[in-house]
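*Asks:* The structure follows.
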Amino acid sequence: PEIELECHAFLDSGSQRSYSLTSVTEALRLPKGTPTHLSVRGLGGVPTSFESHTVEIGIRLLDGSSMVFSANTMPKITHKGILTASLPNAEVDIVQPSVLLGNNIFWEICASNITSSLPNGFKVVRSKVGDIVTGRGLIDLSKNYPVHLETTAMVATECYEHLWKLETIGIMDDPHVKDDEVAEELFKRQITWTGNHYEVPLLWNSDSPQLPTNVAVCRKRLVALYNRLKRNPENLSGYDGIIKEQLRQGIIEEAPPDNGSLCHHLPHRDVFKEDKRRIVFDASSKERKNDNSLNDCQYRGPSRLPDISAVMLRARIPPICVWSDLEKAFLKLGLAEKDRNVTRFLWLRDISKPPSLDNIITYRFCRVLFGMKCSPSLLRMTIEHHLQRDGSQVALDILRNAYVDDICQPVLNVGEGIERYNQAKALFAAAGMNLRDFKSNSSELNAYFVDQGEKAVPEIVKVLGTQWNTIQD
Numbered sequence: 019p020e021i022e023l024e025c026h027a028f029l030d031s032g033s034q035r036s037y038s039l040t041s042v043t044e045a046l047r048l049p050k051g052t053p054t055h056l057s058v059r060g061l062g063g064v065p066t067s068f069e070s071h072t073v074e075i076g077i078r079l080l081d082g083s084s085m086v087f088s089a090n091t092m093p094k095i096t097h098k099g100i101l102t103a104s105l106p107n108a109e110v111d112i113v114q115p116s117v118l119l120g121n122n123i124f125w126e127i128c129a130s131n132i133t134s135s136l137p138n139g140f141k142v143v144r145s146k147v148g149d150i151v152t153g154r155g156l157i158d159l160s161k162n163y164p165v166h167l168e169t170t171a172m173v174a175t176e177c178y179e180h181l182w183k184l185e186t187i188g189i190m191d192d193p194h195v196k197d198d199e200v201a202e203e204l205f206k207r208q209i210t211w212t213g214n215h216y217e218v219p220l221l222w223n224s225d226s227p228q229l230p231t232n233v234a235v236c237r238k239r240l241v242a243l244y245n246r247l248k249r250n251p252e253n254l255s256g257y258d259g260i261i262k263e264q265l266r267q268g269i270i271e272e273a274p275p276d277n278g279s280l281c282h283h284l285p286h287r288d289v290f291k292e293d294k295r296r297i298v299f300d301a302s303s304k305e306r307k308n309d310n311s312l313n314d315c316q317y318r319g320p321s322r323l324p325d326i327s328a329v330m331l332r333a334r335i336p337p338i339c340v341w342s343d344l345e346k347a348f349l350k351l352g353l354a355e356k357d358r359n360v361t362r363f364l365w366l367r368d369i370s371k372p373p374s375l376d377n378i379i380t381y382r383f384c385r386v387l388f389g390m391k392c393s394p395s396l397l398r399m400t401i402e403h404h405l406q407r408d409g410s411q412v413a414l415d416i417l418r419n420a421y422v423d424d425i426c427q428p429v430l431n432v433g434e435g436i437e438r439y440n441q442a443k444a445l446f447a448a449a450g451m452n453l454r455d456f457k458s459n460s461s462e463l464n465a466y467f468v469d470q471g472e473k474a475v476p477e478i479v480k481v482l483g484t485q486w487n488t489i490q491d
């Protein structure tokens, strides 16, 4: 390790995670992971909420080696509390731990068969970090030892504040709820209909986001991507083909020259899923540790997905259930013109040549791309906006049973299934979206779907991550 720091650690087998004071991780200059919001409940169920980063931290063992483990940062592990007057002849050394070692590392440290007993009844366990005193000890709890103290009343300001905080009685507003309300208001004010699709804004968490261009990172990663893809010309050609097709469909466009407005570039790479190549963009990329990424500058937005188990149960009530999904749902949402420059990315003008400055072209997204922090919320709010504006019973039923881009429609018979198929197709077509991949547990209904141009339904399909037998069910 480059930096070492001597501090006190508290071993807690009842904690699921390990924690380190933020001040300690900063002193050690540890790289931080993506920030997340943690809500921890301690003894008595008292909740504590704070923003935390994941770090990799090491401890020095007795044999001189190091043990590295994952921990979450937190601003404070313990409180000092109120100190009473000292008892005569009592030696009290009060320290505050800087690290809490939880269950993810506790037993690796304490797993030992080497124990010994002390005359006072306590046990000594030899661990990898030293001897640990544990056990009940020979303490006679049946005797009373009266102690007379004269003390001066202390004004425990912090305790009083904590007692009277509305948070402690459960009626203080969750700050994340407020963020969701602000994000939803931004969405409602700026969503527009272009004539063939909805156009939505990014959910900025600041009026003046501090967002660097990130172009240096993107150039380096483009070179690495090109060097990997060129080993197999078919992969390079396929990657270029995806970008050219998105350009043809209007999903992306060539970026205009930089006019001094806010610009940000996203690195990208390919992933394979079920033998199909996709290009994914990294909206969490940043040039330096202290820089903001695109995701850092956005609200998450409200998450109002229905309970997935409730959707599955409602699907089981009628004799027939029809499932479908929205084709490339995120790419059906237009991105507001004012926000497109922060979705720039680099590619090659000619894939037969290396990525030199004169062979790099800059594109930007005209649609909402998957991978941004606010994308799921933008999709859900747009679907809600469209279905609530329609207001029909079919629209409200779909809204109740829509999980991201998967749509569930329980029906009583084949006739109702055919009617719901046509109504749902028309409803989403009016939003510029294509509802497809229809499947049900009725062979007659599945045959109708095929006649309408849908794909044939196999015996085993997957709905919301669950295998479904469309013949036996």
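For the sequence shown, the working numbering begins at 19 and goes up steadily by one. Even glycine gets a Cβ: it sits at the ideal position worked out from N, Cα and C. The model shown is predicted, which means the values in this text are computed figures rather than measured ones.
1. Determine the extent of the beta strand (DSSP E) in which P428 is found, giving its start and end residues.
2. From this set, N90, K141, T380 and L136, which residue's C-alpha is nearest L265's C-alpha?
3. With 16 other CB atoms within 10 Å as the buried threshold, where does A273 fall?
4. Which of helix, strand or coil does DSSP assign to V113?
5. In the structure shown, what three-state DSSP assignment does A444 receive?
6. When the Cα atoms are used, what is the spatial distance from P373 to A448?
7. Check whether the Cβ atoms of P219 and D81 sit closer than 9 Å, and answer yes or no.
8. Using alpha carbons as the reference points, say which of E74, E252, S327 and K238 lies closest to G483.
9. Using the C-alpha atoms, what's the distance from P53 back to E69?
10. Can you check DSSP and say which residues form a bridge with W486?
11. Helix, strand or coil for G435 per DSSP?
12. For a test of the three-state rule: what should DSSP assign to E472, helix, strand or coil?
13. Would V422 and A333 qualify as a contact pair, given that the criterion is a beta-carbon distance under 9 Å?
14. Check whether the Cβ atoms of N232 and E305 sit closer than 9 Å, and answer yes or no.
15. K262 lies in the alpha helix (DSSP H); which residues open and close that run?
16. Have a look at N419, K473, A465 and H404 and flag the residue whose alpha-carbon is nearest the alpha-carbon of A444.
17. What is the DSSP secondary structure of K206, counted as helix, strand or coil?
18. From the DSSP output, which residues share a beta bridge with H283?
19. To the nearest angstrom, how far is the alpha carbon of D293 from that of I425?
20. Determine the DSSP secondary structure at S370, reduced to helix, strand or coil.
21. Which term fits P476, buried or exposed, when burial requires 16 or more other beta carbons within 10 angstroms of its beta carbon?
22. Taking just the CA atoms, how far does G389 sit from R296?
23. For P230, which residues of its own chain have a beta-carbon under 6 Å away from its beta-carbon, when the five flanking residues on both sides are left out?
24. Fully enclosed by the stretch 23-60, which alpha helix (DSSP H) runs are 4 residues long or longer?
25. Starting from A89, trace the beta strand (DSSP E) in both directions and tell me its first and last residue.
26. Would the beta-carbon of L48 fall within 9 Å of that of E24?
27. Output the distance between the C-alpha atoms of Y317 and R362, rounded to the nearest integer angstrom.
28. Can you pull the DSSP bridge partners for K457?
29. Would R35 be called buried (16 or more neighbouring beta carbons within 10 Å of its own) or exposed?
30. Going straight from the alpha carbon of E271 to that of R367, what length do you get?
31. What residues match up with M399 in a beta bridge as DSSP calls it?
32. Relative to the C-alpha of G450, which candidate in K196, Y216 and H283 has its C-alpha closest?
33. Taking the Cβ atom as the reference point for each residue, do D198 and F124 lie within a distance shorter than 9 Å?
34. For L397 versus V412, is the C-beta spacing smaller than 9 Å?
35. Return the CA-CA distance between Y466 and D343, expressed in angstroms with no decimal places.
36. Can you name, in chain order, every residue of its own chain whose Cβ lies under 7 Å from the Cβ of E168, other than the five neighbours on each side?
*Replies:* Let's see:
1. Translated into the one-based positions of the sequence shown, residue 428 becomes position 410. That run of the beta strand (DSSP E) goes D424 to V429.
2. Position 247 of the sequence shown, counted from the start, is the residue given in the question as residue 265. For L265, the nearest C-alpha among the options comes from T380.
3. On the sequence shown, residue 273 is found 255 positions in, with the first residue counted as 1. Taking every protein chain shown into account, the CB of A273 has 16 or more other CB atoms within 10 angstroms, so this residue is buried.
4. Residue 113 sits at position 95 when you count from the first residue of the sequence shown. Residue state, collapsed to three classes: coil.
5. Locating residue 444 in the sequence shown gives position 426, where the first residue counts as 1. Reduced to three states, the DSSP call for A444 is helix.
6. Within the sequence shown, residue 373 is the residue found at index 355, counting from 1. Within the sequence shown, residue 448 is the residue found at index 430, counting from 1. One C-alpha to the other measures close to 42 Å.
7. Mapped onto the sequence shown, residue 219 falls at position 201. Mapped onto the sequence shown, residue 81 falls at position 63. No. Outside cutoff.
8. In the sequence shown, the residue the question calls residue 483 occupies position 465. Closest by alpha carbon: S327.
9. Position 51 of the sequence shown, counted from the first residue, corresponds to residue 69. Position 35 of the sequence shown, counted from the first residue, corresponds to residue 53. Rounded to whole angstroms, E69 to P53 spans 7 Å at the Cα level.
10. Position 468 of the sequence shown, counted from the first residue, corresponds to residue 486. Answer is V479, bridged to W486.
11. Locating residue 435 in the sequence shown gives position 417, counting from the first residue. Helix, per DSSP.
12. The residue labelled residue 472 in the question sits at position 454 within the sequence shown. If DSSP states are grouped into helix, strand and coil, E472 belongs with coil.
13. Start at 1 with the first residue of the sequence shown, and residue 422 comes out as number 404. Start at 1 with the first residue of the sequence shown, and residue 333 comes out as number 315. A333 is positioned such that its CB atom lies no closer than 9 Å to that of V422.
14. Reading the sequence shown from its first residue, position 214 is the one you call residue 232. Reading the sequence shown from its first residue, position 287 is the one you call residue 305. Closer than 9 Å, so yes.
15. One-based indexing of the sequence shown puts residue 262 at position 244. Where K262 is concerned, the enclosing alpha helix (DSSP H) stretches over P251 to Q267.
16. As a first step, residue 444 must be located in the sequence shown, where it is residue number 426. Among N419, K473, A465 and H404, the Cα nearest to that of A444 belongs to H404.
17. Start at 1 with the first residue of the sequence shown, and residue 206 comes out as number 188. Collapsing the DSSP output to three states places K206 in a helix.
18. Translated into the one-based positions of the sequence shown, residue 283 becomes position 265. Listed as beta-bridge partners of H283 by DSSP are R362.
19. Here residue 293 is taken as the residue at index 275 of the sequence shown, counted from 1. Here residue 425 is taken as the residue at index 407 of the sequence shown, counted from 1. Roughly 25 Å separates the two Cα atoms.
20. Taking the sequence shown and counting its residues from 1, one reaches residue 370 at position 352. Here S370 sits in coil by DSSP.
21. Position 458 of the sequence shown, counting from 1, holds the residue named residue 476. So P476 counts as exposed.
22. Counted from its first residue, the sequence shown places residue 296 at position 278. Counted from its first residue, the sequence shown places residue 389 at position 371. Straight-line spacing of the CA atoms in R296 and G389 works out to 12 Å.
23. For the purposes of this step, residue 230 is taken as residue 212 along the sequence shown, with counting starting at 1. Counting only Cβ-Cβ distances below 6 Å, and skipping sequence neighbours, we find E305 and D309.
24. For the stretch 23-60, whole alpha helix (DSSP H) runs of length 4 or above, ordered along the chain, are 40-45.
25. Your numbering for residue 89 matches position 71 in the sequence shown. Segment S84 to M92, the beta strand (DSSP E) holding A89.
26. As a position in the sequence shown, residue 48 is number 30, starting the count at 1. As a position in the sequence shown, residue 24 is number 6, starting the count at 1. No, the pair does not count as a contact, with Cβ atoms beyond the cut-off.
27. Against the sequence shown, residue 317 aligns to sequence position 299. Against the sequence shown, residue 362 aligns to sequence position 344. Spanning the two alpha carbons is a distance of roughly 20 Å.
28. Taking the first residue of the sequence shown as 1, we reach residue 457 at position 439. In DSSP, K457 forms a bridge with W341.
29. By one-based count along the sequence shown, residue 35 stands at place 17. Within 10 angstroms of the beta-carbon of R35 lie 16 or more other beta-carbons, which makes it buried.
30. One-based indexing of the sequence shown puts residue 271 at position 253. One-based indexing of the sequence shown puts residue 367 at position 349. Their Cα atoms are separated by approximately 13 Å.
31. Here residue 399 refers to the residue found at position 381 of the sequence shown. Bridge partners of M399: none, in fact.
32. Counting from 1 along the sequence shown, the entry for residue 450 is found at position 432. Checked all of K196, Y216 and H283; the closest Cα to G450 is Y216.
33. For the purposes of this step, residue 198 is identified with residue 180 of the sequence shown, where counting begins at 1. For the purposes of this step, residue 124 is identified with residue 106 of the sequence shown, where counting begins at 1. Not a contact, by the Cβ cut-off of 9 Å.
34. Your numbering for residue 397 matches position 379 in the sequence shown. Your numbering for residue 412 matches position 394 in the sequence shown. Taking 9 Å as the Cβ cut-off, L397 and V412 do not qualify as a contacting pair.
35. The residue labelled residue 466 in the question sits at position 448 within the sequence shown. The residue labelled residue 343 in the question sits at position 325 within the sequence shown. Cα atoms of Y466 and D343: separation of roughly 17 Å, rounded to the nearest angstrom.
36. Numbered from its first residue, the sequence shown carries residue 168 at position 150. Here E168 scores only 48 on pLDDT, less than 50, and its place in the model is too uncertain to base an answer on.
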